[in-house]
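Asks: Right, I'll just put the structure down here and ask away after.
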Amino acid sequence: MPPKKKKGKGKGKKKKKDDPMAMELDDKYKKTVHEIEALKDQLAVRKELARRGQGDGDAMKAKMNETMVELEKHKNDQKDITADMTRQYKYMMTGLQLKLHQMERDYQITQKALRDTEQKLKETEEERDQIIKDKDEKIDELNKEIRKMEKDYKRILDDALNKLIDKLEEEKDKWEKKATMLQTENVNNLREFGLTDQWTFHSVKPMRGYSGPTKGF
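For what it's worth, this note's numbering labels the leading residue of the sequence shown as 5, then goes sequentially.
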């Protein structure tokens, strides 16, 4: 009975990238696997023939030994190819991991910068709003002070004008009284000198709008 076929090592593995060197190694690997399978088939057939033909035993044994040596050589080649592919795969994965790590680091830096920028923008907007609020409050206070000052100035001005008017009225009354007294005194003096026959005097009136004694002829 022919021996069971052993599965080749690394069979069925998929390449991660279409690297030319990796493709070449993969082709060699597949070719070696096929050759090993073919040699195994030949070995099985030859073993069967050796079992059936005792006469050719020595020749068959020598051929079988030769086949075994060739098979061992192919196995060693397969191991070398597998080791080379594994080494390339590890190198490729190391490079990818480094790139991934750098990308993650760049992403974190970018995220932090974005958060910092958003925070600064928020603080700037809050500061701007506070400045506008303070400015509006200051303007309101100034407007209130201006209105109060206007009222105070108006009151002061009104008081000053009223006092001035009162003073003028008081002085006017004094002047009118003084003028009336002077007019009366003048009339009396004229009478003492006998000048009343030439003048006709009406009763003395307050000197409001006085323009001199009234003459009668």
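All residues carry an ideal CB built from backbone N, CA and C; glycine is no exception.
Since the model is a prediction, treat every value here as computed from it, not as a measurement.
(1) Decide yes or no for the touch test of the stretch 102–116 against the stretch 80–87: beta carbon pairs closer than 8 Å, at least 3 of them.
(2) To the nearest whole angstrom, what separates the beta carbons of Gln-277 and Met-25, a pair I think is in contact under 8 Å?
(3) Rounded to the nearest angstrom, what separates Thr-36 and Leu-47 at their Cα positions?
(4) Please report the Cβ distance between Met-29 and Met-89, rounded to the nearest whole angstrom; I am assuming they are in contact, meaning their Cβ atoms lie under 8 Å.
(5) Using CA atoms only, rank isn't needed, just tell me which of Asp-45, Gln-106, Glu-39 is closest to Lys-77.
(6) So the candidates are Lys-32, Thr-184, Thr-121; which of them puts its Cα closest to the Cα of Ala-87?
(7) Does DSSP put Gly-99 in a helix, in a strand, or in coil?
(8) Near Met-68, which residues of its chain fall below 8 Å by C-beta distance, leaving aside the five closest residues on each side in sequence?
(9) If I measure Cβ to Cβ from Glu-196 and keep anything under 6 Å in the same chain, skipping five residues before and after, which residues do I get?
(10) Can you list, in chain order, the residues of its chain whose CB lies under 8 Å from that of Lys-124, leaving out five sequence neighbours each side?
(11) Please classify Lys-181 as buried or exposed, where buried requires at least 16 neighbouring CB atoms within 10 angstroms.
(12) Nearest CA to the CA of Ala-42: which residue from Leu-75, Lys-158, Glu-189, Leu-172?
Replies: In short:
(1) no
(2) Residue coverage of the chain in this structure runs from 5 to 221, which leaves residue 277 outside it and unanswerable.
(3) 16 Å
(4) For the record, residue 29 in the displayed sequence is Leu; it is not Met. Contact holds; Cβ gap of about 5 Å.
(5) Glu-39
(6) Lys-32
(7) helix
(8) Leu-47, Arg-50, Lys-51, Ala-54
(9) none
(10) none
(11) exposed
(12) Leu-75
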